[in-house]
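Student:
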Amino acid sequence: MFSKVVRPVRTLIEAITSEDAPQRLALGVALGMVVGLVPKGNLTAVVLLGLALSVRASLAAVVGAAGLFSVLGVWLDPLAHHLGLRVLTQTWLQPVGARLYDLPLFPWTGLNNTVVFGSLMLGLALFWPVYHLTAYGCRRWRPWLVDRLGKYRVREALVLVEAAPPRRMR
Amino acid sequence: MSGWIRWSYVLPRLAVVGLFLGLVWWRLDAWVRRGLVAAGQRVAGAKVEIGSVDTRVLNPEVRLRHLCVANRRDPMQNLFEADEVVLALDGDSLLRRKFVVRQGQARGLRFGTERATSGALDLRAEWGDTEPGGVAEALGQPVRDAVMRQVRQLGELLRTRATDQIERLESVRVFRQLAERWPAEFQRLEARLQSLRQQAQTLRERFQGNLDPKQLARHPKRLLEDPQALVQATAEAEDLYRQLADFRVEVTRLAEQLRADKEALQKAQERDLQSVAQLIPPQGVDPEGLSEYLLGPDVSRRVTTVLRWVRWARQHWPRLEESAPTERLRGVDVLFSGIRKRPDWVIEHLAIDGQGQMDDQVFRFRGTAKDLCSQPAWYGKPATVRIELAGNSVVEIEARIDRTSPSPRDHVVVRCPAIEQPPRLLGDPEGLALVVSPGHTRLDLVLDLAERELLGRLELRQEPVELVPRAEWLAGGPWSQELESALAQIRHVEATVEISGLIDRPRWRLTSNLGTQVAQAVNHGFRRLFEKHREELLALAGRRMADGLAQFDAHVVARQEQLARQFELTSAEIQGLRELVAQRTPRMGDALRDKLPSNLRLRF
């Protein structure tokens with residue numbers, strides 16, 4: 047029971063302290079942000095989630111960022127709606143949109159919805175900034191974090207706790 | 010990093026996705042059920058319950074068992090329930106997120122069934138549509154009441170005996186006044202004469218008591234013992250004489266009054282005879298009113314039933330375009346230009362069967378519903394429902410429900426080729442009623458509704474038919490025979506009802522051959538009886554007046570003679586008194602002169 051709580055923490059620490067941690071972590075946060083911002087219940091959200099699970103990205107970062115940005119996404123709905131409405135009503139987009147909308151499955155993506163489209167655009171626009179900022183932060187703080195974790199043997203402690211046999215209830 | 014895709018990482022996750030798809034496959038029915046319940050509740054505004062759902066994906070089909078949709082206006086009742094609903098969906102439309110049912114079937118439909126638990130979703134929910142007032146229970150009731158009154162008045166008029174009507178004549182009233190006034194007048198005169206006589210007799214006694222001739226001869230001076238009384242008695246005697254003269258004048262005036270009264274009586278009698286002779290029979294019964302009176306309740310019940318169903322269907326017809334957007338899909342769905350708007354769901358063809366109840370009669374029905382959809386304005390075609398009811402009689406109902414424009418328009422056609430009719434009573438036996446023989450009636454009803462405005466026509470025809478009149482007040486009378494012979498000519502009954510007004514306040518106009526022919530018979534019979542009645546009244550009035558006048562004359566003559574006799578007696582009494590006073594007065598003078606001083610005697 048306790049190991050289930052400990053394992054994600056240990057995984058996150060390993061992700062942060064591993065050699066290629068900054069890229070994986072940054073990709074996970076950026077993808078999680080896009081997944082979190084887009085409203086659920088449509089094919090777009092499913093595809094984004096599938097993509098996030100398929101690439102070499104930190105799962106813990108994806109889940110954490112998706113949860114965080116799902117909450118933020120509700121607050122950003124008005125902005126996403128205005129953005130989506132502005133783009134979707136552009137004249138040049140109408141023939142393309144009409145053709146896409148007529149394709150099978152496309153209506154299930156919800157991309158003709160102002161909030162879905164707007165939040166996707168917002169997510170894509172923020173993808174690289176979030177990716178680079180997260181990667182930069184990781185590189186900057188990783189040595190300090192590795193040093194502290196090594197000094198206090200946190201990683202070993204977590205492994206031991208996780209490996210300890212569960213206590214039997216009498 | 011050997012590449013962006015980490016296959017060792019992806020493959021296990023693909024396995025997870027496969028498991029997820031398996032889970033979807035396994036739980037699909039439950040999810041579809043949950044989705045349908047949520048969508049149905051949004052549309053119905055009340056609880057939707059589905060017993061089980063069976064979904065096929067490859068050849069898309071949804072099979073629902075034990076579907077119950079609660080009535081949002083009466084949560085303890087179901088709007089409808091169905092044993093089984095099978096919907097074959099169009100796969101291509103499904104990929105485009107449109108639910109198009111090419112062929113559907115709803116079996117075991119029942120309406121208005123009771124629920125064990127409340128079907129209310131949220132007591133605070135406001136639907137905006139208020140329950141309009143009930144369809145008028147008594148269509149045409151005022152007209153029927155008016156005819157009932159007319160028929161009763163005619164009956165009462167004929168039932169009223171001529172002897173009762175005589176009492177209402179002017180001459181009878183005048184005669185009654187005279188018969189009361191003149192005896193009293195005679196009595197008053199006789200009493201007055203009696204009083205005069207008594208006064209005269211009293212006075213005579215006083216004179217005779219005080220002025221006895223023998224005593225007077227012997228003692229003349231006693232006359233002066235009470236001179237004041239003597240003077241007063243003399244004055245009273247003179248007054249009596251004057252009163253007698255006045256009485257004679259009054260008797261002369263009364264004779265003139267008697268002549269005037271008799272003239273007034275004769276004039277009243279002439280006027281009465283004239284008015285009775287000119288009596289116009291009442292208007293009679295209005296044919297349209299009579300049709301309404303006889304057929305109204307029956308036709309009203311049928312029209313009201315249909316209007317109730319139409320109103321019920323309208324009230325519960327889903328207002329899908331008003332339904333709130335789902336929480337999951339925020340924002341606005343932009344429809345790219347060039348794309349034809351299509352409704353979210355369409356039922357192109359739905360075969361239905363089930364059972365219902367109307368006027369305490371359970372009936373089975375089956376039919377089809379076509380082009381039901383969520384956004385009729387986008388679909389562009391009105392929904393049509395065709396139902397055939399199979400009970401004691403076959404009923405075909407066809408409804409076109411057009412919600413393609415902002416103002417709802419409905420067209421309803423009801424056809425009953427042969428409604429089995431038991432023997433029935435039209436009208437009210439207290440007024441006028443007809444017993445109709447059993448047979449078959451054909452009914453055709455066409456209704457058009459635009460918003461709440463109603464326009465329609467109902468046609469009823471029963472042939473052959475036999476009619477027998479029934480009215481308590483004309484049983485066995487000549488009018489009854491007249492009516493029976495007229496009704497024997499009627500071989501069919503047909504009625505046409507023009508319906509207009511509003512759905513919750515309908516108006517109608519009923520015309521029928523029955524009203525026309527019965528009114529003709531009733532009015533003809535009534536006129537004949539009225540003529541006879543008038544002649545009887547005239548004869549009776551003449552006789553009554555002649556007898557009355559003769560009695561009055563005899564009475565007046567007798568009382569006049571009696572008064573004359575009394576007058577003579579009183580006159581003689583007063584005359585005698587007057588002579589006595591005149592005879593005694595000179596002696597009184599002598600006696601008074603002797604009592605005067607000698608120097609004054611010469612003056613008397």
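These protein sequence lines map, in sequence, to chains W and C. Per our numbering, residue 47 is the first one in the first sequence, and the count goes up by one each step. Per our numbering, residue 10 is the first one in the second sequence, and the count goes up by one each step. Heads up, the beta-carbon is just placed ideally off N, CA and C, and yes, glycines get one too. This structure is a prediction, so every number in the text was calculated from the model and none was measured.
(1) For C/Ile-436 and C/Ser-309, I'd like the C-alpha separation in whole angstroms.
(2) Which residues bound the beta strand (DSSP E) around C/His-501?
(3) Taking the alpha helix (DSSP H) that C/Lys-56 belongs to, which residues open and close that run?
(4) Enumerated in chain order, which unbroken segments of the alpha helix (DSSP H) with a length of 4 residues or greater are wholly contained in the region 138-163 of chain W?
(5) Mind listing the chain W neighbours of C/Val-343? Cutoff is C-beta to C-beta under 9 angstroms, in chain order.
(6) Once you ignore the five residues that flank W/Ala-209 on each side, which residues in its own chain have a CB closer than 6 angstroms to its CB?
(7) Any contact between the region 454-465 of chain C and the region 410-421 of chain C? By contact I mean 3 or more CB pairs, one from each, below 8 angstroms.
(8) Could you please tell me which residues of the region 99-112 of chain C, in chain order, have their CB closer than 8 angstroms to any CB of chain W?
(9) Kindly identify the DSSP beta-bridge partner or partners of C/Cys-77.
(10) How would you list, in chain order, the residues of chain W whose beta-carbon sits under 9 angstroms from the beta-carbon of C/Ser-346?
(11) Could you name the residues of the same chain whose beta carbon sits closer than 6 angstroms to that of C/Asp-453, not counting the 5 residues immediately before and after it, in chain order?
(12) Taking only the alpha-carbon atoms, compute the straight-line gap between C/Pro-426 and C/Asp-380 and give it to the nearest angstrom.
(13) Under three-state DSSP, which class holds C/Asp-83?
(14) Say whether chain W places a C-beta atom closer than 9 angstroms to the C-beta of C/Val-423.
(15) Over the uninterrupted beta strand (DSSP E) stretch that includes C/Thr-377, give me the two end residues.
(16) Please check if any C-beta of chain W sits within less than 9 angstroms of the C-beta of C/Arg-22.
(17) Rounded to whole angstroms, what's the CA-CA distance from C/Val-19 to C/Leu-359? Just pull it up for me.
(18) Which chain W residues sit within Cβ distance under 7 angstroms of C/Val-19?
(19) On the three-state DSSP scale, how would you describe C/Ala-125?
(20) I think C/Val-312 touches C/Ile-512, with their Cβ atoms under 8 angstroms apart; what is that distance to the nearest whole Å?
(21) Per DSSP, what kind of secondary structure is W/Arg-201 in: helix, strand or coil?
(22) What's the C-alpha gap between C/Leu-434 and C/Ile-410?
(23) May I ask you to list the residues that DSSP assigns as paired with C/Trp-354?
(24) With a cut-off of 9 angstroms, does the C-beta of C/Val-26 fall near any C-beta of chain A?
(25) Does any residue of chain C have a CB that is nearer than 9 angstroms to the CB of W/Ala-210?
(26) Whose C-beta lies closer than 6 angstroms to the C-beta of C/Gln-471 among residues of the same chain, with five residues either side of it excluded?
(27) So the alpha helix (DSSP H) C/Gly-305 belongs to, where does it begin and stop?
(28) Thinking just about the alpha-carbon of each residue, which of C/Ser-383, C/Tyr-388, C/Val-394 and C/Trp-387 is nearest to the one in C/Arg-375?
(29) Considering only the alpha carbon of each residue, which of C/Gln-569, C/Leu-282, C/Ala-193 and C/Asp-101 lies closest to C/Leu-67?
(30) How about C/Leu-589 and C/Arg-213: do their beta carbons lie closer than 9 angstroms?
(31) When you compare only the Cα positions, how much space is there between C/Ile-348 and C/Met-85?
(32) Alpha carbon to alpha carbon, what distance is there between W/Arg-201 and W/Ile-59?
(33) Please list the partners that W/Tyr-147 has in chain C, where partner means a Cβ-to-Cβ separation under 9 angstroms.
(34) Which stretch, first to last residue, makes up the alpha helix (DSSP H) that contains C/Asp-342?
(35) Could you give the distance in angstroms between the alpha-carbon of C/Gly-534 and the alpha-carbon of C/Gly-363?
(36) Where in the region 444-473 of chain C do unbroken runs of the beta strand (DSSP E), each at least 3 residues long, occur, reported from the N-terminal end onward?
Tutor: Based on what the coordinates show:
(1) Sequence index remark: in the second sequence, residue 436 of chain C carries index 427 (1-based). Sequence index remark: in the second sequence, residue 309 of chain C carries index 300 (1-based). The question names Ile, but residue 436 of chain C in the sequence shown is Gly. Roughly 13 angstroms separates the two Cα atoms.
(2) Within the second sequence, residue 501 of chain C is the residue found at index 492, counting from 1. Where C/His-501 is concerned, there is no enclosing beta strand (DSSP E), given that its DSSP letter is neither H nor E.
(3) Locating residue 56 of chain C in the second sequence gives position 47, counting from the first residue. No alpha helix (DSSP H) contains C/Lys-56, which DSSP labels as neither H nor E.
(4) 139-147 and 152-155
(5) Your numbering for residue 343 of chain C matches position 334 in the second sequence. Here the neighbours are Gly-130, Leu-131, Leu-134, Thr-135, Gly-143, Asn-158, Asn-159, Thr-160 and Phe-163.
(6) Numbered from 1 along the first sequence, position 163 holds the residue referred to as residue 209 of chain W. Excluding sequence neighbours, W/Ala-209 sits near nothing in its chain.
(7) yes
(8) Asp-101, Leu-104, Arg-105, Arg-106 and Lys-107
(9) Locating residue 77 of chain C in the second sequence gives position 68, counting from the first residue. Answer is C/Glu-58 and C/Glu-90.
(10) To locate residue 346 of chain C, count along the second sequence from 1; it is residue 337. Near C/Ser-346 (Cβ distances below 9 angstroms), the residues of chain W are Thr-137, Gln-140, Pro-141, Gly-143 and Ala-144.
(11) For this step, residue 453 of chain C is matched to residue 444 along the second sequence. The residues are Arg-424 and Glu-468.
(12) Here residue 426 of chain C corresponds to residue number 417 of the second sequence, with the count starting at 1. Here residue 380 of chain C corresponds to residue number 371 of the second sequence, with the count starting at 1. Cα to Cα, the separation comes out at about 28 angstroms.
(13) Position 74 of the second sequence, counted from the first residue, corresponds to residue 83 of chain C. If DSSP states are grouped into helix, strand and coil, C/Asp-83 belongs with coil.
(14) Reading the second sequence from its first residue, position 414 is the one you call residue 423 of chain C. By this cut-off, C/Val-423 is not an interface position.
(15) The residue you call residue 377 of chain C lines up with position 368 of the second sequence. Counting along the chain, the beta strand (DSSP E) containing C/Thr-377 begins and ends at 370-382.
(16) Reading the second sequence from its first residue, position 13 is the one you call residue 22 of chain C. Chain W, which has a Cβ nearer than 9 angstroms to the Cβ of C/Arg-22, makes this yes.
(17) If you number the second sequence from 1, residue 19 of chain C lands on position 10. If you number the second sequence from 1, residue 359 of chain C lands on position 350. Distance between the alpha carbons of C/Val-19 and C/Leu-359 is about 46 angstroms.
(18) As a first step, residue 19 of chain C is located in the second sequence; it is residue number 10 there, counting from the start. Within 7 angstroms Cβ-Cβ: Ser-100.
(19) For the purposes of this step, residue 125 of chain C is taken as residue 116 along the second sequence, with counting starting at 1. The answer is coil: DSSP assigns C/Ala-125 none of H, G, I, E or B.
(20) Position 303 of the second sequence holds residue 312 of chain C. Position 503 of the second sequence holds residue 512 of chain C. Incorrect: roughly 12 angstroms between the Cβ atoms, too far for contact.
(21) One-based indexing of the first sequence puts residue 201 of chain W at position 155. The answer is helix: DSSP assigns W/Arg-201 an H, G or I state.
(22) Residue numbering aside, residue 434 of chain C sits at position 425 when the second sequence is read from its first letter. Residue numbering aside, residue 410 of chain C sits at position 401 when the second sequence is read from its first letter. Approximately 37 angstroms, taken between the alpha carbons.
(23) For the purposes of this step, residue 354 of chain C is taken as residue 345 along the second sequence, with counting starting at 1. C/Phe-108.
(24) In the displayed structure, chain A is absent; the protein chains listed are W and C.
(25) Along the first sequence, one-based indexing puts residue 210 of chain W at 164. Chain C contact via Cβ: absent.
(26) Counted from its first residue, the second sequence places residue 471 of chain C at position 462. Excluding residues within five positions, the ones whose Cβ falls inside 6 angstroms are Gly-448, Thr-450 and Val-502.
(27) Locating residue 305 of chain C in the second sequence gives position 296, counting from the first residue. Element bounds for C/Gly-305: 296-325.
(28) Against the second sequence, residue 375 of chain C aligns to sequence position 366. When only C-alpha atoms are compared, the closest one is C/Val-394.
(29) Stepping through the second sequence from its first residue, residue 67 of chain C is reached at position 58. Of C/Gln-569, C/Leu-282, C/Ala-193 and C/Asp-101, the residue nearest in Cα terms is C/Asp-101.
(30) The residue given as residue 589 of chain C occupies position 580 in the second sequence. The residue given as residue 213 of chain C occupies position 204 in the second sequence. Yes.
(31) Within the second sequence, the letter at position 339 stands for residue 348 of chain C. Within the second sequence, the letter at position 76 stands for residue 85 of chain C. Rounded to whole angstroms, C/Ile-348 to C/Met-85 spans 44 angstroms at the Cα level.
(32) Taking the first sequence and counting its residues from 1, one reaches residue 59 of chain W at position 13. Taking the first sequence and counting its residues from 1, one reaches residue 201 of chain W at position 155. Whole-angstrom Cα-Cα distance: 8 angstroms.
(33) The residue you call residue 147 of chain W lines up with position 101 of the first sequence. Within 9 angstroms Cβ-Cβ: Arg-105, Leu-344, Phe-345 and Ile-348.
(34) Taking the first residue of the second sequence as position 1, residue 342 of chain C is located at position 333. No alpha helix (DSSP H) contains C/Asp-342, which DSSP labels as neither H nor E.
(35) Residue numbering aside, residue 534 of chain C sits at position 525 when the second sequence is read from its first letter. Residue numbering aside, residue 363 of chain C sits at position 354 when the second sequence is read from its first letter. In a straight line, the C-alpha of C/Gly-534 is about 53 angstroms away from that of C/Gly-363.
(36) 448-459 and 462-471
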